[in-house]
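Participant: Quick mapping for you: the protein sequence lines, in order, are chains S and F.
If you count the first sequence from 1, position 22 lands on 22 in UniProt numbering, and the numbers rise without skipping.
If you count the second sequence from 1, position 122 lands on 122 in UniProt numbering, and the numbers rise without skipping.
Here a beta-carbon is modelled for each residue, glycine too, at the ideal position from N, C-alpha and C.
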Amino acid sequence: MPARFTFGGDEHLFVECSDEMSLEAFFKSLSMARGVRESAIRGVTEVCPANASFQIKFDPDRIKPDDLLREVRAIEGAAEKAEPVITTRIVEIPVFYNDPWTHETLMRFRERHQEPTGTDLDYAARVNGYGAVQDFISAHAGSPWFVSMVGFVAGLPFMYQMVERQRQIEVPKYLRPRTDTPRLTVGHGGCFGCIYSVRGAGGYQMFGITPMPIFDPTQSTSYLRDFMVFFRPGDIVKFRPIDRDGYDQAVEDVDKGRFAPPIREVSFDLRQYQADIDGYNAKLEGALYGH
Amino acid sequence: MAIKVLHHGLSTTIQDLGRPGYFHLGIPVGGAMDRYAMRAANLLVGNDEGAAGLEAVFMGPKLEFLDDALIAVTGADMPVRIDNELQPGWTALRVRAGQTVSFDFLKSGARIYIAVSGGIDVPEALGSRSTYVIGALGGLNGRAIAAGDELPVGFGSMAGAGRSVAEELRRKPGAPAELRVLPGLYWDRLTEETKRNFFADQWKVAPEADRMGYRFRGGRKLEFVERKQPFGAGSDPSNIVDSCYPYGSIQVPGGTEPIILHRDAVSGGGYFMLGTVISADMDLIAQLQPHTPTQFIEVTMDQALAARADRQALAARLRAALA
Chain S
1 MPARFTFGGD EHLFVECSDE MSLEAFFKSL SMARGVRESA IRGVTEVCPA
51 NASFQIKFDP DRIKPDDLLR EVRAIEGAAE KAEPVITTRI VEIPVFYNDP
101 WTHETLMRFR ERHQEPTGTD LDYAARVNGY GAVQDFISAH AGSPWFVSMV
151 GFVAGLPFMY QMVERQRQIE VPKYLRPRTD TPRLTVGHGG CFGCIYSVRG
201 AGGYQMFGIT PMPIFDPTQS TSYLRDFMVF FRPGDIVKFR PIDRDGYDQA
251 VEDVDKGRFA PPIREVSFDL RQYQADIDGY NAKLEGALYG H
Chain F
1 MAIKVLHHGL STTIQDLGRP GYFHLGIPVG GAMDRYAMRA ANLLVGNDEG
51 AAGLEAVFMG PKLEFLDDAL IAVTGADMPV RIDNELQPGW TALRVRAGQT
101 VSFDFLKSGA RIYIAVSGGI DVPEALGSRS TYVIGALGGL NGRAIAAGDE
151 LPVGFGSMAG AGRSVAEELR RKPGAPAELR VLPGLYWDRL TEETKRNFFA
201 DQWKVAPEAD RMGYRFRGGR KLEFVERKQP FGAGSDPSNI VDSCYPYGSI
251 QVPGGTEPII LHRDAVSGGG YFMLGTVISA DMDLIAQLQP HTPTQFIEVT
301 MDQALAARAD RQALAARLRA ALA
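(1) Does Ile120(F) pass the burial test, meaning 16 or more other C-beta atoms within 10 Å, or should it be called exposed?
(2) Applying the 10 Å Cβ sphere with the 16-neighbour rule, what's the burial state of Phe231(S)?
(3) Within the chosen definition, does the stretch 191–200 of chain S reach the stretch 70–85 of chain S through at least 3 CB pairs nearer than 8 angstroms?
(4) Is the separation between the beta-carbon of Ser235(F) and that of Pro262(S) shorter than 7 angstroms?
(5) Please return the same chain residues whose Cβ sits closer than 7 angstroms to the Cβ of Phe23(F), not counting the five positions on each side in sequence.
(6) With a threshold of 7 angstroms on Cβ separation, who are the neighbours of Thr102(S) within its own chain once the five nearest residues in sequence on each side are excluded?
(7) Quickly, what does DSSP pair Tyr132(F) with across the bridge? List them, please.
(8) Does the beta carbon of Met212(F) sit closer than 7 angstroms to a beta carbon anywhere in chain S?
(9) Taking the continuous beta strand (DSSP E) assigned at Thr13(F), which residues delimit it?
(10) Which partner residues of Leu239(F) appear in the DSSP bridge assignment?
(11) Tell me whether Met212(S) sits in a helix, a strand or coil according to DSSP, three-state version.
(12) Helix, strand or coil: which one does DSSP assign to Lys4(F)?
(13) Name, please, each residue of chain F whose Cβ falls closer than 7 angstroms to the Cβ of Pro172(S).
(14) In whole angstroms, what separates the C-alpha of Lys4(F) from that of Gly98(F)?
(15) Would you call Gly232(F) buried or exposed, if buried means 16 or more other Cβ atoms sit within 10 Å of its Cβ?
(16) Taking 8 angstroms as the threshold, find out whether the stretch 269–288 of chain F comes into contact with the stretch 237–246 of chain F through three or more Cβ pairs.
(17) What ranges does the beta strand (DSSP E) occupy inside the stretch 22–67 of chain F, keeping only unbroken runs of at least 3 residues that lie completely in it?
(18) Within 10 angstroms of its Cβ, does Ala166(F) collect 16 or more other Cβ (buried), or is it exposed?
(19) Note down, in chain order, every chain F residue with its Cβ under 8 angstroms from the Cβ of Pro182(S).
(20) Excluding sequence positions up to five away, which residues of its chain have a Cβ less than 8 angstroms from the Cβ of Thr191(F)?
(21) What residues in the stretch 49–83 of chain S bring their beta carbon closer than 9 angstroms to a beta carbon of chain F?
(22) Assuming Phe54(S) contacts Cys244(F) under a Cβ cut-off of 8 angstroms, what Cβ separation, rounded to an integer in Å, is found between them?
(23) Tell me, please, whether the stretch 34–51 of chain F touches the stretch 72–92 of chain F by the rule of three or more beta-carbon pairs shorter than 8 angstroms.
(24) Taking just the CA atoms, how far does Ala154(S) sit from Ser102(F)?
(25) How many angstroms separate the CA atom of Val229(S) from the CA atom of Glu265(S)?
(26) Looking at the strands, I want to know which residues DSSP matches up with His188(S).
(27) Taking the alpha-carbon positions, what's the Gly18(F) to Ser128(F) distance?
(28) Whole-angstrom Cβ separation of Glu257(F) and Arg211(F), contact assumed at under 8 angstroms?
(29) Just the Cα atoms here: how many angstroms apart are Leu182(F) and Gln249(S)?
(30) In chain F, what lies closer than 7 angstroms to Leu156(S) by C-beta?
(31) Suppose contacts are defined by Cβ-Cβ distances below 7 angstroms. Is Leu54(F) in contact with Thr100(F) by that definition?
(32) For Asp67(S) and Val277(F), what's the separation of their Cα atoms in angstroms?
(33) Three or more C-beta pairs under 8 angstroms: does that hold for the stretch 7–20 of chain S against the stretch 287–296 of chain F?
(34) Between Gln295(F) and Arg220(F), what straight-line distance do the alpha-carbon atoms span, to the nearest angstrom?
(35) Compare the Cα-Cα distances from Cys48(S) to each of Gly151(S), Tyr273(S), Thr218(S), His291(S) and report the closest residue.
(36) Using only the alpha-carbon positions, how far apart do Leu322(F) and Ala72(F) sit?
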């Protein structure tokens with residue numbers, strides 16, 4: 001599918017690789033975004049990759065919008081021919097599913113929900129055809145996720161689960177967004193998972209919470225000393241369910257500066273992945289845990 | 001050098017010209033909502049245009065100056081007093097150690113900019129002193145200023161007291177406010193009738209108008225061209241697969257109330273956008289009060305670029321006048 005190009009005012013060029021979400025669209029978008037960055041087109045001040053699209057910020061005093069459009073269009077062909085292979089990181093993120101803090105919040109905003117009598121997990125399990133919440137959690141934590149966009153608020157990852165489309169978790173967003181979400185809530189809306197990097201408004205269903213900070217403007221967290229934002233587009237995330245004791249321990253470890261999330265560098269090949277999704281994911285997990 | 005905050009006003013934050021370069025991580029450009037007014041205030045007191053000052057919305061702060069300083073207040077019409085004595089806006093004013101700066105009620109516009117010679121000297125965060133409250137980044141510990149705070153001030157010159165910006169170089173929204181829009185992004189999702197209605201209707205600024213976005217009410221509900229929603233987008237016709245939001249773009253959740261995304265807006269999300277307010281008119285939005293009647297005007301890219309050139313010419317005249 002050819003990309004769609006449209007201007008966002010006189011300072012942005014918006015490139016939509018597909019109007020629906022898929023890993024192919026994500027890879028094309030990532031590849032084009034990288035191509036634009038590498039070609040160092042004059043007047044381009046920022047390139048922001050998103051799930052199936054990306055945005056270029058430009059200075060029209062330095063390049064005419066039509067000239068920029070022509071240069072970016074030329075990159076599309078090369079991006080399509082590029083090997084869909086990236087070197088990236090896989091990281092394990094502990095999650096305390098069905099935790100008391102998101103539970104308190106979801107009860108507080110119940111009148112904004114599709115199903116006021118249950119919880120977000122009950123609702124998500126049911127609309128995705130899972131008989132028990134535990135089975136739904138197992139599916140959520142059972143396969144890795146691609147960070148397909150970083151944004152919304154500071155350092156928040158949008159994640160796309162690496163399974164066939166029919167197994168992909170899909171849930172509507174809240175009928176009206178909440179005005180509050182606990183920091184580090186693991187949420188889901190449409191086909192995207194997320195981790196709320198900061199406390200604030202949100203419309204995604206809430207499934208649990210991670211003890212692992214992913215944005216720290218003070219840069220005092222041990223693994224955020226070099227940069228305050230943890231995630232980059234293309235990162236791969238594997239969730240690991242933990243209980244209350246595991247959560248409390250991890251919070252203490254973060255506070256004491258000794259929390260070290262397992263992170264490994266891996267190569268990801270979209271075509272090999274598509275040929276055998278579960279087998280490829282098992283290999284990625286092997287790389288993460290060193291077996 | 002320092003300023004003591006006696007009262008913080010309604011919401012007063014430290015701002016400069018913003019923090020470009022981190023939008024791809026969800027960190028907005030931030031900075032003064034009305035950059036023209038911020039530049040003018042800085043130029044009046046002999047600062048770089050990008051020095052940090054204060055932005056106050058609807059209600060001014062009360063400040064005690066611990067040292068001599070040169071200040072200027074620009075933007076909205078909110079009379080300024082030094083030790084209770086009324087002073088002119090858009091003018092470089094001498095403040096002596098121990099004097100108090102306070103403000104009367106807002107007369108027009110929404111935001112004032114207070115520049116101090118030497119600039120507010122808090123540490124930079126990612127290259128800017130602008131306060132991004134949601135991310136607890138920049139400014140004074142990432143938050144709005146509060147009574148009891150002491151704001152550090154850099155070393156500045158006292159030269160130029162009494163200089164003022166000529167009336168024709170002060171830019172304010174008219175009535176109704178006119179905001180020029182370049183249609184695009186997901187514009188084609190709308191029916192032809194809705195496209196016409198959007199520009200024909202008179203809108204009003206809703207009470208929800210802040211540094212993140214300005215919401216508008218009063219126009220007809222938008223109708224969408226029918227389609228099967230693409231995978232991952234969500235079921236409402238106003239939903240898209242989550243994408244980047246250009247700064248200035250107009251999203252319309254549910255098709256009912258347009259929201260113009262401003263300096264501290266979220267960087268992306270799942271609502272369609274119909275187009276973008278042109279860069280030349282973004283400063284004007286900062287000065288709109290709730291209930292201000294507003295007309296959206298359709299423009300082409302060429303008209304947007306011409307308006308941009310006009311704005312730059314105005315800024316050049318301002319610089320020449322205060323050189």
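Facilitator: Looking at the atomic coordinates:
(1) buried
(2) buried
(3) no
(4) Taking 7 angstroms as the Cβ cut-off, Ser235(F) and Pro262(S) do not qualify as a contacting pair.
(5) Val29, Ser267
(6) Pro182, Thr185, Met206, Gly208, Ile209
(7) Leu137(F)
(8) no
(9) That run of the beta strand (DSSP E) goes 11–15.
(10) Reading the sequence as shown, one finds Asn at residue 239(F) and not Leu. Note: Asn239(F) sits in a beta bridge opposite Tyr271(F).
(11) coil
(12) strand
(13) Gly234, Ser235
(14) 10 angstroms
(15) buried
(16) With a cut-off of 8 angstroms, the stretch 237–246 of chain F and the stretch 269–288 of chain F count as touching, because enough Cβ pairs lie within range.
(17) 53–57, 62–65
(18) Burial call: exposed.
(19) Those within 8 angstroms of Pro182(S) in chain F number zero; the least Cβ separation is about 15 angstroms.
(20) Glu223, Phe224, Val225
(21) Pro49, Ala50, Asn51, Ala52, Ser53, Phe54, Gln55, Lys57, Pro60, Asp61, Lys64, Pro65, Asp66
(22) 7 angstroms
(23) yes
(24) 34 angstroms
(25) When rounded, the distance between both Cα atoms is 18 angstroms.
(26) Gly193(S), Gln205(S)
(27) 6 angstroms
(28) Between Glu257(F) and Arg211(F) the beta-carbon gap is near 18 angstroms, outside 8 angstroms, which marks them as no contact.
(29) 53 angstroms
(30) Gly26
(31) no
(32) 21 angstroms
(33) no
(34) 13 angstroms
(35) For the residues Gly151(S), Tyr273(S), Thr218(S), His291(S), the minimum Cα distance to Cys48(S) belongs to Gly151(S).
(36) 13 angstroms
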